[in-house]
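Asks: Here it is: the structure, laid out below.
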Amino acid sequence: MAKRKIFVSFDYENDRRYKFLLEAWDKNPLFEFNFADWSSQEIDSWNIPVIKAGLTRKINETTGTLIIIGEYANTLHKDHKLIGYRNWINFEIAKSVENKNRLIAVKIDKSYESPEELLGRGAKWALSFTQDAIWKAVNEAYL
């Protein structure tokens, strides 16, 4: 199976270990998990327009966006006015919708608040961070 080009949207400060786990599953031949991670590596800039351009370019190179929803996924960012959205995750979702990406929403805990830009967008959901739940949501998104 060809690898799907998926951008992973997540809160780097609080949820990066979950992104690293996705990468480990992808590399492990014992797991039936297969995707090409097109997430932006840390963009070496504090310049918000530069960050926005880099993220938009990466999102536009993909066909899907997997959103890791942690405890702070919808928290107001200190630079929200410059970002144009509550935070970077909401920005990435909005750009993914503009690009017509398939949306895969993965809740670390089902009680966590979803990013507002995700609601009503037809995302496929995994309500727990397990390989089976995530793989099922990814496959449903690509039907």
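Positions in the sequence shown are counted from 1; adding 8 to them yields our numbering.
Ideal Cβ placement from N, Cα and C applies to all residues, glycine included.
(1) Whole angstroms is fine: what's the gap from Ile77's alpha carbon to Lys115's?
(2) Given a cut-off of 9 angstroms on the beta-carbon distance, is the pair Ile59 and Val146 in contact?
(3) Taking the CB atoms as reference points, tell me whether Gly92 and Leu111 lie closer together than 9 angstroms.
(4) With DSSP run on the structure shown, which of helix, strand or coil describes Lys89?
(5) In chain order, what residues of the same chain lie with their CB nearer than 6 angstroms to the CB of Ile97, ignoring the 5 residues before and after it?
(6) In whole angstroms, give me the CA-to-CA distance for Ile142 and Thr64.
(7) Under the rule that 16 or more other beta-carbon atoms within 10 Å means buried, what is Leu151, buried or exposed?
(8) Could you name the residues that DSSP lists as bridge partners for Gly72?
(9) Please report the residue range of the alpha helix (DSSP H) in which Trp143 lies.
(10) Looking at Tyr120 and Glu79, is the spacing between their C-beta atoms short of 9 angstroms?
(11) Should Arg218 go down as buried or exposed, given a rule of 16 or more other Cβ atoms within 10 Å for buried?
(12) Of the residues Gly128, Leu127, Glu125, Asp117, which one's Cα is nearest the Cα of Ala134?
Replies: Here's the rundown:
(1) Here the alpha carbon of Ile77 sits roughly 5 angstroms from the alpha carbon of Lys115.
(2) Contact: no.
(3) Pairing Gly92 with Leu111 gives a Cβ-Cβ distance that is not under 9 angstroms.
(4) Reduced to three states, the DSSP call for Lys89 is helix.
(5) Only Ser17, Ala81, Pro123 meet the Cβ criterion.
(6) Roughly 24 angstroms between the two C-alpha positions.
(7) By the neighbour-count definition (other C-beta atoms within 10 Å, threshold 16), Leu151 is an exposed residue.
(8) Paired residues: Ile14, Arg110.
(9) First-last of the alpha helix (DSSP H) with Trp143: 139-149.
(10) Their beta carbons are under 9 angstroms apart, which means Glu79 touches Tyr120 by this criterion.
(11) Residue numbering for the chain in the displayed model covers 9 to 151; residue 218 lies beyond these limits and cannot be assessed.
(12) Minimum Cα distance to Ala134 is reached at Asp117.
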